[in-house]
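Heads up, the sequence shown is in our numbering, so the first residue is 1221 and it goes up one at a time.
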Amino acid sequence: MLIVTALLIAAAPAPAPVRSTLRRCYLRVDGKVHVNGRCRVFPLGGHGYTLNTWDGGKPRRSHFAQVDESRAGRGEASWNADPRDNRAGDPLGRVRWQNGCWVNARVKICAR
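See below:
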């Protein structure tokens, strides 16, 4: 019985790798627009994503943001305040999903 189960698991197709897609992106932090145009967006499940991801290499002096959705329509956002950083270690706080964007008093993050 164990051998049959192992064969069935081995024969199952591997899940397709998740890839980024090109979207219209917008990132405004503290009133300053840092991204406004097409960029790569990597899905993280639900409405969560990494905006301006670097699948093909990091663009020079680029900002990016990440939103982790904790429950429907609510999440935590972070970004790289220093465009030379390669991780989103600067918190932007709690955000809510509103009109297709993640927003709070400091930030607006959109990937449409």
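C-beta atoms are modelled at their ideal positions from N, C-alpha and C, and glycine is treated no differently.
Buried versus exposed, by CB contacts within 10 Å (16 or more), residue 1260: Within the sequence shown, the letter at position 40 stands for residue 1260. Under this definition residue 1260 is a buried residue.
Three-state secondary structure (DSSP) of residue 1254: For this step, residue 1254 is matched to residue 34 along the sequence shown. Here residue 1254 sits in strand by DSSP.
Inter-residue CB distance, residue 1246 and residue 1328 (contact presumed, cutoff 8 Å): As a working mapping, residue 1246 is identified with position 26 in the sequence shown. As a working mapping, residue 1328 is identified with position 108 in the sequence shown. Right, their Cβ atoms sit about 7 Å apart.
Close-in-space but distant-in-sequence residues of the same chain around residue 1284 (CB under 7 Å, 5 per side omitted): Here the question's residue 1284 lines up with position 64 in the sequence shown. Closer than 7 Å at the Cβ level, and outside the excluded window around residue 1284, lie 1270, 1271, 1272, 1273, 1299, 1300, 1308.
Residue 1297 versus 1249, 1242, 1305, residue with shortest Cα-Cα distance: As a first step, residue 1297 is located in the sequence shown; it is residue number 77 there, counting from the start. Here the closest residue by C-alpha is 1249.
Local Cβ density within 10 Å of residue 1242, reported as buried at 16 or more and exposed below that: Here residue 1242 refers to the residue found at position 22 when the sequence shown is read from its first residue. Residue 1242 comes out exposed.
Own chain partners of residue 1313 with C-beta closer than 6 Å, once the 5 adjacent residues on each side are dropped: Along the sequence shown, read from residue 1 onward, the residue named residue 1313 stands at position 93. Cβ within range, chain order: 1324.
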